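Each residue of the sequence shown is one higher than the one before, starting from 0 at the first, in numbering that gives the first Met the number 0. Following: one structure in structure tokens, then a few remarks.
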Amino acid sequence: MTMTTRWLAADPQVERVQLDDRSWVDVVRGLVPQGQRVHDDLVRTARWRTGRVYKYERWVDDVRQSATPSGPRRHPALVEVEQWMVRRYRVRLSGVVLSQYRHAREGLGFHRLSLGAQPPWLMLPTPGRPEIDDDDAYRDAIDLDPGNGDLIVMGGRCQRDWLHAVPPLVTPVGSRISAQWRWTSRRGEPDTDPTSRDPRFYSRA
């Protein structure tokens with residue numbers, strides 16, 4: 000793959016983690032060598048907003064801020080990353096969405112895109128394993144430990160079948176920004192599950 004870039008590493012290495020026969024994750028370390036500079040540019044220039052989610056029978060502010068740069072407002076590094084993925088995976092991606100976690104305690108808990116999904120991808124599943132205490136629930140979690148400029152690609156049924164998270168941190172850190180692109184083959188069954196933003200109502204009955 001020959002591609003002239005300003006923001007990407009010259010020869011990025013791709014490590015594939017095969018989760019099961021239908022799900023995988025590609026990890027590309029240091030794809031954007033100037034990741035901290037891109038972060039600082041985005042903090043300063045992106046149009047950040049705080050969304051609302053429905054939790055515990057009421058609307059609350061989302062813990063993260065979001066931005067959806069498009070057209071000439073996209074950072075050139077984001078444009079190059081998208082072009083790199085399109086060339087490698089031969090798919091057409093949706094526009095980029097940014098999420099900013101402003102301090103160590105902001106994060107995104109374990110979730111998946113189906114309420115009836117199988118064991119989590121950040122845990123090494125053991126069929127038939129007995130019930131374990133909540134404190135041990137994620138003792139087998141796979142920590143991908145992403146750093147500045149790393150790329151993680153969730154492939155196959157990974158997002159639907161396996162739990163994933165951006166956990167809060169114990170060590171104080173500054174803000175973190177993730178950039179997300181999506182693609183679907185549109186050949187599978189329609190997804191009728193409610194999203195995390197859809198209200199759910201409960202009764203005492």
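Where is the CB? At the ideal position from N, CA and C, for every residue including glycine. The structure presented is a predicted model; accordingly, all values stated were derived computationally and were not measured.
Touch test, the region 84 to 94 against the region 161 to 169, Cβ-Cβ under 8 Å, three pairs minimum:
no
Throw me the rounded Cβ distance for the residue 13 and residue 24 pair, which I believe falls under 8 Å.
The pair is not a contact, with the Cβ atoms about 11 Å apart (cut-off 8 Å).
Across which residues does DSSP place residue 17 in a beta bridge pair?
23
Starting from the Cα of residue 68, find the closest Cα among 81, 96, 61 and give me that residue.
96
So for residue 34, helix, strand or coil by DSSP?
helix
Counting C-beta neighbours from all protein chains within 10 Å, is the total for residue 35 16 or more, i.e. buried, or is it exposed?
exposed
Whole angstroms is fine: what's the gap from residue 28's alpha carbon to residue 8's?
9 Å
Under 7 Å Cβ to Cβ from residue 94, same chain only, skipping five residues before and after it: list those, please.
67, 69
Could you tell me which of 65, 181, 4 sits nearest to residue 76, measuring between CA atoms?
4
If residue 177 and residue 98 are in contact, beta carbons under 8 Å, what's the gap, nearest whole angstrom?
5 Å
Report yes if the C-beta distance between residue 155 and residue 22 is below 8 Å; otherwise report no.
yes
Would you list the one or two residues that DSSP bridges to residue 53?
58
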